[in-house]
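In the numbering used here, the protein residues as written are 0 to 96. Each residue gets a CB set at the ideal place from its N, CA and C atoms; glycine is no exception.
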């Protein structure tokens, strides 16, 4: 009987681990934020402003209306030479010259 109990416990642990791994991407997505002005040319995630379509369409480095998804809480610490503050922004902005 001990072998059956151990096998059942191992199966339950494996199933629990598998189910929690499936839910990780959703949790990880909640911990990301859009950071404008940090993407390099052609490396943005969606929304690159007028005349562009979606991911990979930023026309220049650090474009103020193109964002990159970054871990929550890190955006305003990332350097952005075109931003009015010199750091990434949580909203689209007009680039400084």
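| Asked | Found |
| --- | --- |
| Between which two residues does the beta strand (DSSP E) holding residue 66 run? | 66-70 |
| Could you give the first and the last residue of the continuous beta strand (DSSP E) run that contains residue 77? | Premise fails: residue 77 is in no beta strand (DSSP E) and is neither H nor E. |
| Between which two residues does the beta strand (DSSP E) harbouring residue 33 extend? | 31-35 |
| Which value, in whole angstroms, describes the spacing of the CA atoms of residue 59 and residue 41? | 7 Å |
| So which of 63, 72, 67 and 70 has the shortest CA-CA distance to residue 84? | 63 |
| State the DSSP-derived secondary structure class of residue 113, mapped to helix, strand or coil. | No statement about residue 113 is possible, as the shown extent of the chain runs from 0 to 96 and does not include it. |
| To which residues of the same chain is residue 32 closer than 6 Å at the C-beta, ignoring the five residues directly before and after it? | 71 and 74 |
| Which value, in whole angstroms, describes the spacing of the CA atoms of residue 96 and residue 45? | 24 Å |
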